[in-house]
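A.B. asks:
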Amino acid sequence: MAVPSAVSVSREFVRRTLKHWRSDDHAPDASLVMSELVSNAVKAMGFTEQPPHLWEITSQHVVAVQLRAIGGVLFIEVWDDSPDEPVKHNVTADIEGGRGLHLVEALSEQWGIYRPPAGGKIVWARNVLPMSPSPALDGSTLRPRVPEDLEAPPGRTRDQATIALMQRVLDGLRNVP
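Heads up, the sequence shown is in this note's numbering, so the first residue is 91 and it goes up one at a time.
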């Protein structure tokens, strides 16, 4: 959900996933990139001032995250339903915020925005991994890991987020030489 705590939850997701993939030396940079992208999605879709009451949260407040490793490339992806693109601001020493996309750019080889046919947008970052991840082949990396109380309710938005992220995977695989 697009609430401020999503940022820390996404960082933990990255740390645990990369540890499972035996690539945890990339976790500090990857978790910072993920948290900046999620922070932008929360600003675009969610509640930034104070924690919402449960009845205020709707399917419009869904933010989906995904890590993918294809060969030696790590993709960090965040989906939200907002049509607005994140803006890279000119920053000065006296401005507190606005450095997120500068950090993403500094810590990633490439980043961009993908508009899937399912709707919304995926803001992604790409990094090369010196070694391909080697997770345990127990099937656990294929299951979504979302606490039940935070899972988007079944319906259009949940389907849209899932389809959009999988479309990005499919498009990425089609572009592999």
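No residue lacks a Cβ here, since even glycine has one placed at the ideal position from N, Cα and C.
Predicted model only: the values in this text are computed from it and were never measured.
(1) Any idea which residues DSSP pairs Q200 with across the strands?
(2) Please determine if the segment 112 to 129 and the segment 197 to 216 are in contact, where contact requires at least 3 C-beta pairs separated by less than 8 Å.
(3) Which residues share a DSSP beta bridge with W111?
(4) From R158, G262, L260 and L193, pick the residue whose C-alpha is nearest to that of F103; which is it?
(5) Using the rule of at least 16 other Cβ atoms within 10 Å of the residue's Cβ for burial, across every protein chain shown, is G202 buried or exposed?
(6) For the candidate residues S113, E126 and W169, whose alpha-carbon lies nearest to that of V163?
(7) Return the first residue and the last residue of the beta strand (DSSP E) that D171 is part of.
(8) Relative to the C-alpha of V177, which residue among S95, K133 and L263 is closest?
(9) Excluding the 5 residues preceding and the 5 following A208 in the sequence, name in chain order all residues of the same chain whose CB lies nearer than 7 Å to its CB.
(10) Determine the closest residue to V205 out of L219, R264, P173 and L193, with distance taken between C-alpha atoms.
C.D. replies: Taking the coordinates as given:
(1) Counting from one through the sequence shown, the residue named residue 200 turns up at place 110. Bridge partners of Q200: R216.
(2) Yes, they touch.
(3) Within the sequence shown, the letter at position 21 stands for residue 111. Answer is none; W111 lacks a bridge partner.
(4) On the sequence shown, position 13 is the one that residue 103 refers to. That would be R158, whose Cα lies nearest to the Cα of F103.
(5) Here residue 202 refers to the residue found at position 112 when the sequence shown is read from its first residue. Around the beta carbon of G202, fewer than 16 other beta carbons lie within 10 angstroms, which makes this residue exposed.
(6) By one-based count along the sequence shown, residue 163 stands at place 73. The candidate whose alpha carbon is nearest that of V163 is S113.
(7) Taking the first residue of the sequence shown as 1, we reach residue 171 at position 81. Note, D171: premise wrong, no beta strand (DSSP E); not H, not E.
(8) To locate residue 177, count along the sequence shown from 1; it is residue 87. The option with the nearest alpha carbon to V177 is K133.
(9) The residue given as residue 208 occupies position 118 in the sequence shown. Excluding positions up to five away in sequence, the list reads Q250, I253, A254 and Q257.
(10) Here residue 205 refers to the residue found at position 115 when the sequence shown is read from its first residue. According to the sequence shown, residue 205 is Arg rather than Val. Among L219, R264, P173 and L193, the Cα nearest to that of R205 belongs to P173.
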